[in-house]
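In my numbering, the protein residues as written are 1355 to 2078. C-beta: ideal position from N, C-alpha, C; glycine also. As the structure is a computational prediction, the values presented were derived from the model and not from experiment.
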């Protein structure tokens, strides 16, 4: 070991070069995403039952699904929300459970009871991970295209075109209108021709299909015979035969007027104050977010060349921008740290060789860290990038300490060979290096024991910190001395050694003063401890640090049962506030639907507001301004504002709100009373905002109960009444 660094200088120099090249390779291959690829132990089931009332949905859909899901192993709790025509069930599993297997078990249990559920129920099962949320969003607007034409363009041109980009899992088209044929019946003609609504329904059901009739072998070829009875035009529909009694053929146009209209939809999409379509891009779980964003940007440029004139597509949300800013922040921290380290080395050590050693060894440490992260399957995300940024200071500190010790030993013994001095320095410093690194690493070990969502995220951060510190230890222990030797010139050292004489390092008087009077140190430590005790309760707490993302999510709900048009009118007034806010660059609005995986009533939805890059106010200040103005002008609207990352994490976890109070009981009226009282108490607590009492009332309904006796007098069945 005495001549280890000198005898292995060349192989270790090659190793340094390989680590740097490996780090560059790992940097190019590491996937980037906003969050770590963590699948939360939550599986959500959404059942859509068309227009069923709440009571019927609860009995026929929600309860049977809950009972089936409760049979799944590793299940912790089940929560459900039932609304008109749909229900949302959240199954919370144990963190140790295999979430993919649990999803398959839930789907299998639902399949077992599928026949017992209403026939028109559609069921979707999704596990909660970041990959189900959009990473990019675009608005499609046109001043001369109808909503029907715009949606057809989005579905049949834009969606297939963007789906070709590598890494895209799904392209969702939100908004627009679907073309429908509406029949306006003439009751007098129907009565005179003895045509009933049932006859029209049966005639329409008997057409508009494509069915195979089998193969036909003839003329040395094998033909597939197909019956094509599809209806392509309005004329085709009007000429459908309703009845033929042998005397007269009755066509649909004889008893009804056929019109082309927009389908009735209980959603509205608004882009920057204009009706439009939203194009949401979902990435594959292991896709590189930054690369995907760049590829999508190039694809959008190609798309613009084939779009009809007057149709514009613009981005309203690009998640990769935030990740790029995070990577730039880490790069800035690295360069600032390097410059400060070199400045310190030059100022205090007055050695260009020491400064160059630090300049080389820090990229080597980061390169080795990236290689290990790539080997372990980690990605660039807010947790790993934050850990690397925090560890840069420790990396620089390790390098400076070792270089300073080598330089000090060299000054004390300038006539000794550099290889001998390096060995003596490392031998002297090695126990302190081990103790220093271990004491730092031990600090992060308790985070690994954390459970739940915080544990899952902090584990990624602490693992990255530990990997970085371990890499820093080995690089400064084994490779830094080699770099120092490599930069040393024997001839130059011999000349300097002849001029220099051995001299002891001067001791600092203030250090000796405190050593002779240890009670002063205890007083200082006690004062610092008292300061921590006094300040700690006043520090703000949170799951993630406050970040200025430059984007805002505004969730809203008008009073239960409010019509779509009335909700839209209220939101138009709120949009006047948003559009006149100087810091707002663009916004999009969804009514009757939301960004996440939810059931959404026509009176609820959300905004995604993009702020300008250059602005005087922070995102939180803009949020407060918008909140105060909307609450003052639209008191009927219940709003909840936040930044995108917090909103997405809330969607993936239990709730968007950081604090949730549960009230249990079997008396619904009493529960509502207590919930309202609790909400009022919470509103008066300093620091609370967007308080919601949790009371959601189903909208009004009109129930028609047939009088069977009167129906029988006219020869009408309840089914006939339904078609009137």
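Would you identify the three-state DSSP class for residue i, choosing helix, strand or coil?
i: residue 1534; result: strand
i: residue 1905; result: strand
i: residue 1426; result: coil
i: residue 1615; result: strand
i: residue 1488; result: coil
i: residue 1482; result: coil
i: residue 1373; result: helix
i: residue 1572; result: strand
i: residue 1494; result: strand
i: residue 1507; result: helix
i: residue 1939; result: strand
i: residue 1365; result: helix
i: residue 1549; result: coil
i: residue 1541; result: helix
i: residue 1639; result: coil
i: residue 1526; result: strand
i: residue 1852; result: With a pLDDT of 47 at residue 1852, under the threshold of 50, the modelled position of this residue cannot be trusted; read the value that follows with caution. DSSP places residue 1852 in helix when its eight states are reduced to three.
i: residue 1841; result: coil
i: residue 1870; result: helix
i: residue 1420; result: helix
i: residue 1382; result: helix
i: residue 1912; result: coil
Which value, in whole angstroms, describes the spacing of the CA atoms of residue i and residue j?
i: residue 1658; j: residue 1668; result: 10 Å
i: residue 1613; j: residue 1535; result: 6 Å
i: residue 2071; j: residue 2037; result: 55 Å
i: residue 1653; j: residue 2031; result: 54 Å
i: residue 1492; j: residue 1648; result: 14 Å
i: residue 1938; j: residue 1872; result: 59 Å
i: residue 1782; j: residue 1693; result: 28 Å
i: residue 1474; j: residue 2054; result: 23 Å
i: residue 1846; j: residue 1750; result: Because the pLDDT of residue 1846 is 49, which lies under 50, any placement of that residue in the model is unreliable, and the question is left without a value.
i: residue 1935; j: residue 1920; result: 24 Å
i: residue 1579; j: residue 1459; result: 41 Å
i: residue 1807; j: residue 1916; result: 36 Å
i: residue 1597; j: residue 1604; result: 5 Å
i: residue 2044; j: residue 1390; result: 29 Å
i: residue 1565; j: residue 1500; result: 33 Å
If I'm right that residue i touches residue j with Cβ under 8 Å, what's the distance once you round it to whole angstroms?
i: residue 1490; j: residue 1635; result: 4 Å
i: residue 1733; j: residue 1385; result: 4 Å
i: residue 1905; j: residue 1671; result: 7 Å
i: residue 1523; j: residue 1476; result: Not quite, the Cβ-Cβ distance comes to about 21 Å (not below 8 Å), so this is no contact.
i: residue 1837; j: residue 1719; result: Wrong, their Cβ atoms sit about 11 Å apart, outside the cutoff.
i: residue 1422; j: residue 1373; result: Going by Cβ atoms, the distance from residue 1422 to residue 1373 rounds to 54 Å, so no, they are not a contact pair.
i: residue 1700; j: residue 1709; result: 5 Å
i: residue 1443; j: residue 1420; result: 6 Å
i: residue 1739; j: residue 1824; result: Their Cβ separation, rounded to whole angstroms, is 18 Å, which puts residue 1739 and residue 1824 out of contact at 8 Å.
Hey, quick one: how far does the alpha helix (DSSP H) through residue i stretch, first residue to last?
i: residue 1680; result: 1673-1698
i: residue 2074; result: 2072-2076
i: residue 1815; result: 1806-1828
i: residue 1579; result: Residue 1579 -> not in any alpha helix (DSSP H); beta strand (DSSP E) instead, spanning 1575-1582.
i: residue 1658; result: 1643-1660
i: residue 1466; result: 1453-1466
i: residue 1473; result: Counting along the chain, residue 1473 falls outside any alpha helix (DSSP H), and DSSP gives it neither H nor E.
i: residue 1445; result: Per DSSP, residue 1445 belongs to no alpha helix (DSSP H); it is in the beta strand (DSSP E), 1440-1447.
i: residue 1344; result: In this structure the chain extends from 1355 to 2078, so residue 1344 is not present and cannot be described.
i: residue 1922; result: 1918-1933
i: residue 1707; result: 1706-1729
i: residue 1307; result: With the chain running from 1355 to 2078 in the structure shown, residue 1307 is simply not present.
i: residue 1626; result: First-last for residue 1626: undefined, no H or E at that position.
i: residue 1603; result: First-last for residue 1603: 1603-1605, but that is the beta strand (DSSP E), not the alpha helix (DSSP H).
i: residue 1517; result: 1513-1517
i: residue 1411; result: 1408-1411
For residue i, report the span of its beta strand (DSSP E) as first-last.
i: residue 1391; result: Residue 1391 -> no beta strand (DSSP E), and no H or E assigned at all.
i: residue 1802; result: Element bounds for residue 1802: not the beta strand (DSSP E) but the alpha helix (DSSP H), 1772-1802.
i: residue 1758; result: Not the beta strand (DSSP E): residue 1758 falls in the alpha helix (DSSP H), residues 1736-1766.
i: residue 2080; result: For the chain, the structure presents residues 1355 to 2078; residue 2080 sits outside this window and is missing.
List in chain order: all unbroken alpha helix (DSSP H) runs of 4+ residues lying wholly within the stretch 2010-2069.
Correct list: 2022-2037 and 2062-2067.
Could you tell me which uninterrupted beta strand (DSSP E) segments, each at least 3 residues in length, are contained entirely in the stretch 1945-2012, listed from first to last along the chain?
Listed in chain order, they are 1958-1965 and 1992-1997.
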